[in-house]
Amino acid sequence: MRIKMCSVHVKDPATAFDFYTSVLGFEKLLAMPEHQLYIVKSAEDPDGVGLLLEPSDNKVAAKYAQGIRALGLPAIVFGSPDVRAEYERLGFLGVQFTSEPYTDAFGTSVVFDDTCGNLIQLHQD
């Protein structure tokens with residue numbers, strides 16, 4: 006058994022798809038605009054887990070997404086072999102971070118705003 010797909014709730018799946026592909030560098034796995042269905046995958050792990058950009062169009066999902074963001078919690082964690090390099094690359098593209106990269110007992114991480122309602126943690130592999 007393996008994880009095939011996970012999801013992150015977003016305000017607008019089409020806008021999120023653009024950000025996740027053109028800024029973050031993910032690739033299209035599936036895009037069906039007529040159904041608001043967008044799934045991306047890592048360019049670095051083509052056989053890895055798909056990420057469904059789930060519309061937050063119901064009260065429960067919207068409340069959950071707003072709640073974890075209000076607490077400053079990331080909605081999902083992405084991995085990178087070099088967090089500092091990704092921080093520099095994404096910062097150059099206008100991505101907003103909550104702080105500089107930091108290192109603690111769990112490794113090196115940084116948190117950024119995905120412009121779609123979520124905070125995302127980037128953790129060094």
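Heads up: take any position in the sequence shown, counting from 1, add 5, and you land on the numbering used here.
All residues carry an ideal CB built from backbone N, CA and C; glycine is no exception.
Going by beta carbons, residue 48 and residue 31 fall inside the 8 Å limit. Secondary structure of residue 41 (DSSP, three-state): coil. DSSP places residue 25 in no alpha helix (DSSP H); its state is neither H nor E. With a threshold of 16 other beta carbon atoms within 10 Å, residue 79 meets it and is buried. Beta-bridge annotation (DSSP): residue 33 is paired with 45. If you ignore the 5 residues before and after residue 59, its C-beta comes within less than 6 Å of the C-beta of 12 and 14, all in its own chain and listed in chain order.
Here residue 54 carries a coil assignment [DSSP, helix/strand/coil].
Comparing C-alpha distances from residue 27 to each of 64, 119, 128 and 123 shows the shortest one belongs to 119. The bridge partners DSSP lists for residue 59 are 14. Pairing residue 117 with residue 124, the inter-Cα distance amounts to about 6 Å. One alpha carbon belongs to residue 24, the other to residue 75, and they sit about 22 Å apart. Between residue 92 and residue 102 a beta carbon distance of about 7 Å is seen, short of the 8 Å cut, so the two are scored as contacting.
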